[in-house]
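For the sequence shown, counting from 1, position 144 maps to 927 in my numbering; every step adds exactly one.
For reference, the structure is listed below as structure tokens.
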Amino acid sequence: MTPFLCYVSASLLGYLLGSCPNGLLISASRGIDIRTQGSGNIGATNVLRVLGKGWGYLVFSLDCFKGLLSVMFAFLIVAYSPFSLKRELVGIVAGIACVLGHTFPIWLRFRGGKGVATSAGVLLGLMPIAVVSVLVVWIVLFKLTRYVSIASVAAALSLPIFVAIYLQFNFLTGASLLPFSLLIAAVVVWRHRSNIERLMRGKEQRFGQK
Numbered sequence: 784m785t786p787f788l789c790y791v792s793a794s795l796l797g798y799l800l801g802s803c804p805n806g807l808l809i810s811a812s813r814g815i816d817i818r819t820q821g822s823g824n825i826g827a828t829n830v831l832r833v834l835g836k837g838w839g840y841l842v843f844s845l846d847c848f849k850g851l852l853s854v855m856f857a858f859l860i861v862a863y864s865p866f867s868l869k870r871e872l873v874g875i876v877a878g879i880a881c882v883l884g885h886t887f888p889i890w891l892r893f894r895g896g897k898g899v900a901t902s903a904g905v906l907l908g909l910m911p912i913a914v915v916s917v918l919v920v921w922i923v924l925f926k927l928t929r930y931v932s933i934a935s936v937a938a939a940l941s942l943p944i945f946v947a948i949y950l951q952f953n954f955l956t957g958a959s960l961l962p963f964s965l966l967i968a969a970v971v972v973w974r975h976r977s978n979i980e981r982l983m984r985g986k987e988q989r990f991g992q993k
């Protein structure tokens, strides 16, 4: 296997893991097509609103886990490769593919979730210290606003800021982590564009609001 094929393998594996529609599968097990309920999104937030906290947290955990798993598999590819590969770069390739698989799953005509939980899993595998910081931002803003969308967008935007700070103080290593964090932030914000439009019109629902 050439270095190029190592990257291709990591990206294909990441995409396939990401494209597993946990929200759809969990809701289907309860006799519900989540795409026809609530916001129509297959992500954890919509599952939580429709099926309750327990099922929503389960979907979030599964979506997060597949992001983490994509990075772990990428690291295994590096470990067993006879070539000198940059560990974090292969992990980033797999992580990006996993997030894209979640947001654009081929099985669902490229209409998936918004990538927050999956991105969190990828980041947990690559830079756990940044995940803790971003999680604090999410929790604080969610508690203050009760808007999942505001908390998610703000947390995504804070990610490259934290990464830049941690790289500056050598809490993180790997120059590719900063552009990766910018890309993740851009994808999450872009996937929340409909939420942003509703917020601007005053139509976005707060968490728990019927």
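All C-beta atoms in this analysis are idealised placements derived from N, C-alpha and C, irrespective of residue type, glycine included.
Local conformation of residue i per DSSP, three classes
| i | result |
| --- | --- |
| Cys-881 | helix |
| Gln-988 | coil |
| Phe-954 | coil |
| Asn-829 | helix |
| Gly-850 | helix |
| Glu-844 | According to the sequence as given, residue 844 is Ser; it is not Glu. It is helical. |
| Gly-821 | coil |
| Ile-979 | helix |
| Gly-837 | helix |
| Ile-815 | coil |
Buried or exposed (CB count within 10 angstroms, at least 16 for buried), residue i
| i | result |
| --- | --- |
| Phe-866 | exposed |
| Ser-977 | exposed |
| Tyr-863 | exposed |
| Val-915 | exposed |
| Arg-892 | exposed |
| Phe-952 | exposed |
| Trp-973 | exposed |
| Trp-921 | buried |
| Gly-996 | Nothing can be reported for residue 996: it is not among the residues displayed for the chain, which extend from 784 to 993. |
| Trp-838 | buried |
| Leu-834 | buried |
| Leu-927 | exposed |
| Lys-849 | buried |
| Leu-807 | buried |
Beta-carbon proximity list for residue i, same chain, < 6 Å, skipping 5 on both sides
| i | result |
| --- | --- |
| Ala-900 | Ala-827, Phe-843, Asp-846, Cys-847 |
| Ile-967 | Ser-902 |
| Arg-929 | Arg-989, Phe-990 |
| Asn-805 | Val-842, Leu-845, Asp-846 |
Extent of the continuous alpha helix (DSSP H) to which residue i belongs
| i | result |
| --- | --- |
| Pro-786 | 786 to 801 |
| Gly-806 | 805 to 812 |
| Pro-865 | From DSSP, Pro-865 is part of no alpha helix (DSSP H); its letter is neither H nor E. |
| Gly-967 | Per the sequence shown, the amino acid found at residue 967 is Ile instead of Gly. Residues 960 to 974. |
Cβ shell of residue i (< 7 Å), same chain only, five flanking positions each side left out
| i | result |
| --- | --- |
| Val-854 | Gly-874, Ala-877, Gly-878, Val-905, Gly-908, Leu-909 |
| Leu-852 | Leu-800 |
| Val-917 | Ala-938, Ser-941, Leu-942, Phe-945 |
Check: Which full runs of the beta strand (DSSP E) of 3+ residues lie inside the segment 870 to 933, going along the chain?
Finding: none
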